[in-house]
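*Asks:* This is the structure, below, for whatever I ask next.
There are 2 protein chains.
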Amino acid sequence: MHAAISEIKKGRHRPGDTLVVKGWVRTRRDSKSGLSFINLYDGSCFDSLQVVAPEHLGNYRAEVTRLTTGCALVVRGQLVASVGQQQALELLAEEVTVVGWVDDPESYPMSPKRHSIEYLREHAHLRPRTNVIGSVARIRNCISQAIHRFFDQQGFLWVASPIITASDCEGAGQMFRVSTLDLQELPRDEQGRVDFGQDFFGKETFLTVSGQLNAEAYACALSKVYTFGPTFRAENSNTSRHLAEFWMVEPEVAFSDLDDSAQLAEALLKAICRAVLAERVDDLRFLSGYVGEDLLARLDQLAGMDFVHINYTEAVAILAQAPREFEFPVYWGADLSSEHERYLTEEHFKSPVVVKNYPKDIKSFYMKVNDDGTTVAAMDVLAPGIGEIIGGSQREHRLEVLDARMAELGMKPEEYEWYRQLRRYGTVPHAGFGLGLERMVAYVTGLGNVRDAIPFPRTPRNASF
Amino acid sequence: MHAAISEIKKGRHRPGDTLVVKGWVRTRRDSKSGLSFINLYDGSCFDSLQVVAPEHLGNYRAEVTRLTTGCALVVRGQLVASVGQQQALELLAEEVTVVGWVDDPESYPMSPKRHSIEYLREHAHLRPRTNVIGSVARIRNCISQAIHRFFDQQGFLWVASPIITASDCEGAGQMFRVSTLDLQELPRDEQGRVDFGQDFFGKETFLTVSGQLNAEAYACALSKVYTFGPTFRAENSNTSRHLAEFWMVEPEVAFSDLDDSAQLAEALLKAICRAVLAERVDDLRFLSGYVGEDLLARLDQLAGMDFVHINYTEAVAILAQAPREFEFPVYWGADLSSEHERYLTEEHFKSPVVVKNYPKDIKSFYMKVNDDGTTVAAMDVLAPGIGEIIGGSQREHRLEVLDARMAELGMKPEEYEWYRQLRRYGTVPHAGFGLGLERMVAYVTGLGNVRDAIPFPRTPRNASF
């Protein structure tokens, strides 16, 4: 019977059981008494299983003693209590079948020595074989499943927002063009401009930067929805916080306001932390050692602490009185920069902070204008050690106010006719936010760089694999 | 206390409870005795809630009697046993707040009359407000959640495969280009060709047609993974089965062969059917009436029946002996067309059929070559009433055979170096398949057209909304 190593580690099998395990060699050690100890890993959990291969196996000399890191094995044997200190149970091999050898072990890119995280990025196809990226993969999965469960249990419907779009949610460039036009022979109109009427969709199209506008259409019909899919920014940013392609979770709730959204965001973040603490202690322990920080304590704290809620105006006042210099000046009307966010969460409040009601002029057209006429019902959720993790807002549901905002910003209402219709027909206050999955994974794993939080990162000048 | 209508319908609240419900008017009927009956819908389930608004409400004349389909309401009232036959409970309103009116009800595109499904497609932003597309949205969510649960419970890790890619999984064009180059002033090299070195990623990039190759890298490290994300085909097909942008689920399992994959596919399809039967009877009942077919019986049958497994060669023999003419000729070496698939599932076997081991020459480079040298370990899962719903294969894990296949097809091994390395280092037999989510949704809902199975369909000349 094939057993996942996670099942063995969880005690689902007993000493005496005959099992088959399948996986890859982490390490091999030969004892003088004629035994080999093989650590076999199958990805189902952080730990590997100790396989004891006695020399009387038919292929002991010819194969077992030649095994190197990365070789693929199928092992049949009996589960026995281990004499070693490292583990409770080990597998006494009755048959070791080598399924795949490692060609030229000396040059195997994932040799057992510790590799730099940058080196691993250059081998994104092999790096899931390492402890660190294996842990990231399991934690990313755990977080993603927790997000789907969280929303499903609360009656949200997962909605697919379109990836290819002709509209620009943020009203600000930096989008990737999607086209099937032959670049060598671009069709042109009479004025010599590219004729997108001949493109696949009959018009100019791009990769989405957010599913929000589409999610609003569904929330204004079905009350509670969320998107969970890839989004794109063609931004030439080489930072630890930016990817050209990243996954975003965007809940949208009808009949709800900014405070409801802030509460939902807090509940979601706590649910994620609790899920990882409940399911991935093995990986968190390893990663804590790897990054030199107690990740379990950090998640415990986030899961247990009430977030501070303040207005942008208060945040600016706090920053203006801060007993330190900032690189970027603080004044009412300026966006908060990373250093400001860190000061608020890590030094002043020592807590996650929800900053609400930002100046209208630094925020998007679709955000609800507050009664003061100068701020909008926007929020950012800032967490210690990471900064902005969630951004959201109540949406402007009053058609006349929306139209005025669009006019102010020089936008063409006819390009947003369908979005305007949501306000013409049974409009309701609604609100939502976006959580960047990779930022969350980078935070939970302690790795801090979104390039390590997604299997195959896309960044400027990099679309390898 | 705000209550979702689904909670009321499930009996979570009792007569006498004071509740707040929030939603949109489906219909309003005024009785001569000075009452209005409002059917209020909030998307949480198929049914709406009957709200009884008595004339002594302050805004009864001014507002309640003016309500039309689509108006947004917040209603506070007491849950009472209904005297009507249609429902057990209704809400006796104490306060009706009109949150959003419908501007010019006569021209409201979602007026209560029955609209054609084609008309609804042209109003994709409003169509989730209809019974039919609301049901589709809930069933699509139910299927998606069931897929995640199915894999999570079996220890699969959800893996994000990249959307933007420089490689072409199927080895066959029809991809969308992704670029930030300025089309008015394309950079060119000395030969006059477009210089993709100056593009965002420093090379030519496209939208993925499948996450499989990337999923293989993760399966060959972590054993059991799946992708669930959007994929793209720039195919000029205007059929009920094709979208330019569609969501695909692609499990990939190390140490597994074609038969394991066929069993996994069967188990997945059955789990999906069972989940929809368990959770969405309301929507299935409505849709059964809408499409004129007993969808519950169809799903019951699929969930309960053992799939027939046959080889391609047997399938061809059966088709050759079929007592009827086919439009496309049947001979060994030809791909099966839709009429052939329907004959096998609907007439010959009257069962879902897994067809295995197709001729090598009609299948992709990465499929495992069988010992006969002429077929590959590929499979299609065909279902009555829909045809191909899943396609999969065991992957070629032997480097020398893979290289020979690539040479045969004129592919450049250096472009697949990372994929080849998976075979150089600890290679293992592995297999997987792809399930098109929209085809599954179109099948389960009985609608039969993938354009109605995704919120905002992208097809040739259509990227609206």
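Protein chains in written order, with this note's numbering: chain R, 15 to 479; chain B, 15 to 479.
Glycine included, C-beta positions come from ideal geometry on N, C-alpha and C.
Only a predicted model underlies this, so the values are computations on that prediction, with no experimental measurement involved.
#1: Give me the chain R residues within the contact set of Gly-122/B, using Cβ-Cβ distance strictly less than 8 Å, ordered along the chain.
#2: Would you kindly report the start and end of the unbroken beta strand (DSSP E) that includes Phe-51/B?
#3: Report yes or no: is there a C-beta of chain R within less than 7 Å of the C-beta of Gly-216/B?
#4: Which residues in chain B have a C-beta closer than 7 Å to the C-beta of Gly-446/R? List them in chain order.
#5: Flag Ser-193/R as yes if its beta-carbon sits less than 7 Å from any beta-carbon of chain B, otherwise no.
#6: Any C-beta of chain B sitting closer than 7 Å to the C-beta of Tyr-372/R?
#7: Would a C-beta distance cut-off of 7 Å place Phe-300/R and Phe-51/R closer than the cut-off?
#8: How long is the line joining the alpha carbons of Phe-170/R and Ile-161/R, rounded to whole angstroms?
#9: Please list, in chain order, the chain R residues whose beta carbon lies closer than 7 Å to that of Lys-36/B.
#10: Is there a Cβ of chain R sitting closer than 7 Å to that of Ile-177/B, yes or no?
#11: Touch check for the region 417–434 of chain R and the region 90–100 of chain R: three-plus C-beta pairs under 8 Å?
#12: Taking DSSP as the reference, what is the three-state secondary structure of His-129/R?
#13: Using a 10 Å radius around the Cβ and a threshold of 16 neighbouring Cβ atoms, would you call Phe-340/R buried or exposed?
#14: Please state the DSSP three-state secondary structure of Gly-185/R.
#15: Which full runs of the alpha helix (DSSP H) of 4+ residues lie inside the region 71–147 of chain B, going along the chain?
#16: Could you name the residues of the region 141–161 of chain R whose beta carbon sits closer than 7 Å to any beta carbon of chain B, in the order they occur along the chain?
#17: Using DSSP with H/G/I as helix, E/B as strand and the rest coil, what is Lys-377/R?
#18: Using a Cβ cut-off of 7 Å (strictly closer), state whether Cys-85/B contacts chain R.
#19: How should Ala-231/R be labelled, buried or exposed, when 16 other C-beta atoms within 10 angstroms of its C-beta is the threshold for buried?
#20: Considering only the alpha carbon of each residue, which of Pro-119/B, Val-390/B and Ser-175/B lies closest to Gly-347/B?
#21: Note the first and the last residue of the continuous beta strand (DSSP E) segment covering Lys-382/R.
#22: Should Ala-391/B be flagged as near chain R, meaning a C-beta pair shorter than 7 Å?
#23: Using a C-beta to C-beta distance shorter than 7 Å, which residues of chain B count as neighbours of Gly-169/R?
#24: His-139/R CB to nearest chain B CB: under 7 Å?
#25: Would you mind working out which of Gly-148/R, Thr-194/R and Asp-386/R sits nearest Glu-249/B, comparing C-alpha positions?
#26: Of the choices Asp-417/B, Met-425/B, Gln-226/B and Ala-281/B, whose alpha-carbon is the least far from that of Gln-408/B?
#27: Which residues of chain B have a Cβ atom closer than 8 Å to the Cβ of Ala-348/R, listed in chain order?
#28: Taking Asp-56/R as the reference, which of Ala-86/R, Asp-417/R, Thr-253/R and Ser-125/R has the closest Cα?
#29: Met-319/B: which of Leu-283/B, Pro-201/B and Trp-115/B sits nearest, CA to CA?
#30: Short of 8 Å in beta carbon distance, which residues of its chain neighbour Gly-185/R, apart from the five on each side in sequence? Order them along the chain.
#31: Taking contact to mean at least 3 C-beta pairs separated by less than 8 Å, is the region 455–463 of chain B in contact with the region 37–47 of chain B?
#32: What residue range is occupied by the uninterrupted beta strand (DSSP E) comprising Gly-460/R?
#33: Taking 7 Å as the threshold (beta carbon to beta carbon), is Leu-197/B in contact with chain R?
#34: Check for me: the alpha helix (DSSP H) holding Gly-303/R runs from which residue to which?
#35: Which parts of the region 367–445 of chain R are runs of the alpha helix (DSSP H), unbroken and 4 residues or longer, counting only runs that do not cross its ends?
#36: Suppose you measure from the CA of Leu-313/R to the CA of Ala-289/R; what does that come to, to the nearest Å?
*Replies:* Checking against the coordinates, here is how it stands:
#1: Strictly speaking, residue 122/B in this sequence is Tyr, with Gly absent from that position. The answer, in chain order, is Tyr-439.
#2: 49–55
#3: yes
#4: None at all; the shortest Cβ gap to chain B is about 15 Å.
#5: Answer yes: the Cβ-Cβ gap between Ser-193/R and chain B drops below 7 Å somewhere.
#6: no
#7: no
#8: 11 Å
#9: The contact set of Lys-36/B on chain R, defined by CB atoms closer than 7 Å, consists of Phe-269 in chain order.
#10: yes
#11: no
#12: coil
#13: Exposed, since its Cβ has fewer than 16 Cβ neighbours within 10 Å.
#14: With a pLDDT of 48 at Gly-185/R, under the threshold of 50, the modelled position of this residue cannot be trusted; read the value that follows with caution. Gly-185/R: coil per DSSP, three-state reduction.
#15: 131–135
#16: Pro-142, Arg-143, Gly-148, Ala-151, Arg-152, Asn-155, Ser-158 and Gln-159
#17: coil
#18: yes
#19: buried
#20: Val-390/B
#21: Looking at the DSSP string, Lys-382/R is not in any beta strand (DSSP E), and its letter there is neither H nor E.
#22: no
#23: Chain order gives the chain B residues near Gly-169/R as Ala-18, Ser-20 and Ser-58, where near means a beta carbon separation below 7 Å.
#24: yes
#25: Among Gly-148/R, Thr-194/R and Asp-386/R, the Cα nearest to that of Glu-249/B is on Thr-194/R.
#26: Gln-226/B
#27: Those do not exist, as Ala-348/R stays about 29 Å from chain B at its closest Cβ, beyond 8 Å.
#28: Asp-56/R has its Cα closest to that of Ala-86/R, out of Ala-86/R, Asp-417/R, Thr-253/R and Ser-125/R.
#29: Leu-283/B
#30: Residue placement at Gly-185/R cannot be trusted, given a pLDDT of 48 that sits under 50; the coordinates are not used to answer.
#31: no
#32: Here Gly-460/R belongs to no beta strand (DSSP E), and DSSP marks it neither H nor E.
#33: yes
#34: 295–305
#35: 413–422 and 431–438
#36: Put simply, the backbone Cα of Leu-313/R is about 10 Å away from that of Ala-289/R.
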